Amino acid sequence: MIINVKNLLVLPFLLIGFFGFAQEEPENSDEFHHHSIAVIINHTTIFQGLIDGEKKAVFVPSWALDYSYSFNEKWALGLHNDIIIENFLIKKYSDGETLERNTPIASVIVGSYKLTKQFGIELGAGMEFDEDENFALARIGAEYAIEIPKHNLEMLFAIDYDLIFDAYSSINIGFGIAKLF
Numbered sequence: 001m002i003i004n005v006k007n008l009l010v011l012p013f014l015l016i017g018f019f020g021f022a023q024e025e026p027e028n029s030d031e032f033h034h035h036s037i038a039v040i041i042n043h044t045t046i047f048q049g050l051i052d053g054e055k056k057a058v059f060v061p062s063w064a065l066d067y068s069y070s071f072n073e074k075w076a077l078g079l080h081n082d083i084i085i086e087n088f089l090i091k092k093y094s095d096g097e098t099l100e101r102n103t104p105i106a107s108v109i110v111g112s113y114k115l116t117k118q119f120g121i122e123l124g125a126g127m128e129f130d131e132d133e134n135f136a137l138a139r140i141g142a143e144y145a146i147e148i149p150k151h152n153l154e155m156l157f158a159i160d161y162d163l164i165f166d167a168y169s170s171i172n173i174g175f176g177i178a179k180l181f
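Counting in UniProt numbering, the sequence shown runs without a single skipped number right up to 181 at its last residue.
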């Protein structure tokens with residue numbers, strides 16, 4: 001009888017340890033993710049556009065594929081790549097020359113700073129590539145992110161102003177989704 005009482009007292013302690021190790025650690029939704037890849041659909045306004053020989057704003061669709069590395073909760077560095085998916089004419093503001101842009105691709109190295117958990121600003125420089133002529137560009141922008149922690153995603157709302165040196169300027173307004181990892 002004494003042996004049975006000892007076994008009864010030891011058994012719960014062994015089972016507590018066993019069940020304790022069997023518990024799955026809950027996923028921490030506050031875990032910091034250093035990397036993000038985003039796909040954004042943009043509406044781009046080009047201010048030096050030409051329509052029927054007249055200088056007018058041109059509205060064209062574009063896509064962005066962005067990679068960012070976050071050093072901490074506030075600072076990040078990224079490579080942002082945009083493609084305007086239509087051809088358009090511009091009147092260069094440097095010399096007034098008419099130039100056709102054929103689905104130009106812009107690659108920009110961007111530094112960003114989050115003012116709040118959801119709202120950040122960005123500043124960067126890069127190049128716009130086209131089959132005819134390439135231009136250097138500068139970018140300033142802002143981004144608002146709504147986190148979807150269960151899936152490590154963010155919904156993004158972005159606005160960027162691009163100054164394409166010796167050519168034209170544009171504003172991109174976009175909506176997208178980013179995967180955090």
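Don't be surprised by glycine CBs; every beta carbon is placed ideally from N, CA and C. This structure is a prediction, so every number in the text was calculated from the model and none was measured.
>> Please give me, in chain order, every unbroken run of the beta strand (DSSP E) with length at least 3 that falls completely inside the region 95-150.
In response: Residue ranges of uninterrupted beta strand (DSSP E) with 3 or more members, entirely inside the region 95-150 and ordered along the chain, are 98-101, 105-114, 119-129 and 135-148.
> What is the DSSP secondary structure of Ile-85, reduced to helix, strand or coil?
Replying inline: Taking the sequence shown and counting its residues from 1, the one referred to as residue 85 is at position 85. Note: Ile-85 maps to coil in three-state DSSP.
> In three-state terms, what does DSSP make of Glu-31?
Replying inline: By one-based count along the sequence shown, residue 31 stands at place 31. Assignment of Glu-31 by DSSP, reduced to helix, strand and coil, places it in the coil class.
>> Contact defined as beta carbons within less than 8 Å: I believe Gln-48 pairs with Tyr-113. What is the distance between those atoms, to the nearest angstrom?
In response: Walking along the sequence shown from the start, residue 48 turns up at place 48. Walking along the sequence shown from the start, residue 113 turns up at place 113. Incorrect: roughly 30 Å between the Cβ atoms, too far for contact.
>> Just to check my reading of the structure: Leu-156 and Phe-175 have Cβ atoms closer than 8 Å, yes? What is that Cβ distance to the nearest angstrom?
In response: Here residue 156 is taken as the residue at index 156 of the sequence shown, counted from 1. Here residue 175 is taken as the residue at index 175 of the sequence shown, counted from 1. Going by Cβ atoms, the distance from Leu-156 to Phe-175 rounds to 7 Å, so yes, they are a contact pair.
>> Given a cut-off of 9 Å on the beta-carbon distance, is the pair Ala-178 and Leu-153 in contact?
In response: Numbered from its first residue, the sequence shown carries residue 178 at position 178. Numbered from its first residue, the sequence shown carries residue 153 at position 153. Judged by their CB atoms, Ala-178 and Leu-153 are nearer to each other than the 9 Å cut-off.
> Which term fits Tyr-69, buried or exposed, when burial requires 16 or more other beta carbons within 10 angstroms of its beta carbon?
Replying inline: Here residue 69 is taken as the residue at index 69 of the sequence shown, counted from 1. Under this definition Tyr-69 is an exposed residue.
> Identify the residues that DSSP records as bridge partners of Glu-154: which are they?
Replying inline: Locating residue 154 in the sequence shown gives position 154, counting from the first residue. DSSP lists Glu-147 and Ala-178 as the beta-bridge partner residues of Glu-154.
> To which residues does DSSP link Asn-42 through a beta bridge?
Replying inline: Counted from its first residue, the sequence shown places residue 42 at position 42. For Asn-42, the beta-bridge partners assigned by DSSP are Ser-62 and Gly-174.
> Can you give the beta carbon distance from Asn-42 to Asp-82, rounded, assuming they're within the 8 Å contact cut?
Replying inline: Here residue 42 refers to the residue found at position 42 of the sequence shown. Here residue 82 refers to the residue found at position 82 of the sequence shown. 7 Å between Cβ atoms; contact.
> Applying the criterion that 16 or more other CB atoms from any shown protein chain within 10 Å of the CB defines a buried residue, is Asn-172 buried or exposed?
Replying inline: The residue given as residue 172 occupies position 172 in the sequence shown. Buried is the call here.
>> If you reduce the DSSP assignment to three classes, tell me which class Ala-22 lands in.
In response: Stepping through the sequence shown from its first residue, residue 22 is reached at position 22. For Ala-22, the predicted structure reports a pLDDT of 49, less than 50, and the residue's modelled location is therefore unreliable. A value from the coordinates is still provided. The answer is helix: DSSP assigns Ala-22 an H, G or I state.
> Can you list, in chain order, the residues of its chain whose CB lies under 6 Å from that of Glu-122, leaving out five sequence neighbours each side?
Replying inline: As a first step, residue 122 is located in the sequence shown; it is residue number 122 there, counting from the start. Cβ neighbours of Glu-122 beyond the five flanking positions: Val-110, Ser-112 and Gly-141.
> From Pro-149 to Phe-32, what distance separates their C-alpha atoms?
Replying inline: Residue mapping note: residue 149 aligns to position 149 of the sequence shown, counting from 1. Residue mapping note: residue 32 aligns to position 32 of the sequence shown, counting from 1. Whole-angstrom Cα-Cα distance: 11 Å.
> Quick one: Cα of Ile-146 to Cα of Gln-118, how far?
Replying inline: In the sequence shown, residue 146 corresponds to position 146, counting from 1. In the sequence shown, residue 118 corresponds to position 118, counting from 1. Between Ile-146 and Gln-118, the C-alpha separation is close to 6 Å.
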